[in-house]
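Asks: At position 72 of the sequence shown the residue is numbered 459 (the working numbering), and the sequence of numbers has no breaks.
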Amino acid sequence: MENNKILKIEIDQNDHNESDEFIRYEREAAVHDLISENLFEINSKKNYGPFIMKISLKEGSLFINLKNKNGDEIYFFNSSISRLKKIFKDYHSACSNYYESIKNGSIDKIEEIEKVRRKIHNEGAENLLTILNKDFTTDINTSRRIFTLMYSLYI
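Rendered as structure tokens:
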């Protein structure tokens with residue numbers, strides 16, 4: 388089981404604008420949390436991990452290139468993310484509302500906004516899990532972290 392995990396994340400940002408401090412924070416937190424704890428296995432190939440995952444979003448698709456710890460490419464995955472686009476936008480709106488409430492001191496609204504944000508995040512992670520489970524075995528927490536990472540690349 389120790390081998391069934393992501394060891395390192397490489398991000399293909401496609402000249403992504405990183406001017407938003409919140410987006411940078413979300414990306415860094417997602418990478419840190421993902422490396423710290425995850426479950427990830429290729430369905431058709433057992434025990435080739437731990438993995439170095441290069442992830443990118445291009446032209447409405449998710450691309451994942453997996454390498455072993457020696458850097459040898461061992462698996463390539465791509466899939467449409469059309470079902471996630473609206474969820475990314477809704478999640479961004481909820482996150483923006485959350486951080487605006489914090490900045491403005493609107494403590495009374497934060498709890499309700501956070502509930503909405505979590506619900507959208509869970510929906511995104513569940514949809515992503517459906518996409519990933521075609522080729523990979525993973526858990527909901529890993530899917531949540533990958534969703535957050537994808538969100539940071541999408542927005």
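Virtual Cβ for every residue (Gly too), placed ideally from N, Cα, C.
Can you tell me the Cβ-Cβ gap for L519 and L444, rounded? I've got them flagged as a contact below 8 Å.
Replies: About 14 Å; that fails the 8 Å criterion.
Asks: Is the beta carbon of F534 closer than 8 Å to that of H508?
Replies: In this structure, F534 lies closer than 8 Å to H508 by Cβ.
Asks: Using the Cβ count rule (16 or more neighbours within 10 Å means buried), how would you classify E487?
Replies: That one is exposed.
Asks: Between I393 and F438, is the Cβ-Cβ spacing less than 8 Å?
Replies: Contact: yes.
Asks: Per DSSP, which one or two residues make a beta bridge with I429?
Replies: The partner list for I429 (beta bridge, DSSP) reads K432 and F523.
Asks: Assuming F471 and N514 make a contact with CB atoms under 8 Å, what is their CB distance in whole Å?
Replies: Rather than Phe, the amino acid found at residue 471 in this sequence is Leu. Indeed they touch by this definition, with Cβ atoms about 6 Å apart.
Asks: Smallest Cα separation from N457: which of G447, M440, E501 and L421?
Replies: Looking at the Cα atoms, M440 is the closest of the given residues.
Asks: Ordered along the chain, which non-local residues of its own chain (more than five positions away) have a Cβ less than 6 Å from that of N465?
Replies: Excluding sequence neighbours, N465 sits near S448 and F450.
Asks: Excluding the five sequence neighbours on either side, which residues of its own chain have a C-beta within less than 8 Å of the C-beta of L421, listed in chain order?
Replies: Result list for L421: I393, I396, T529, R532, I533 and L536, in chain order.
Asks: Quick check on the DSSP output: the alpha helix (DSSP H) that includes N491 runs from which residue to which?
Replies: Start and end: S469 to N491.
Asks: To the nearest angstrom, how far is it from the Cα of E499 to the Cα of G492?
Replies: Their backbone Cα atoms lie some 14 Å apart in a straight line.
Asks: Determine the closest residue to N430 out of F463, Y485 and I494, with distance taken between C-alpha atoms.
Replies: Among F463, Y485 and I494, the Cα nearest to that of N430 belongs to F463.
Asks: Quick one: Cα of A481 to Cα of N391, how far?
Replies: Cα-Cα distance, rounded: 33 Å.
Asks: Can you give me the start and stop residues for the beta strand (DSSP E) that D399 sits inside?
Replies: Here the beta strand (DSSP E) through D399 covers I393 to D399.
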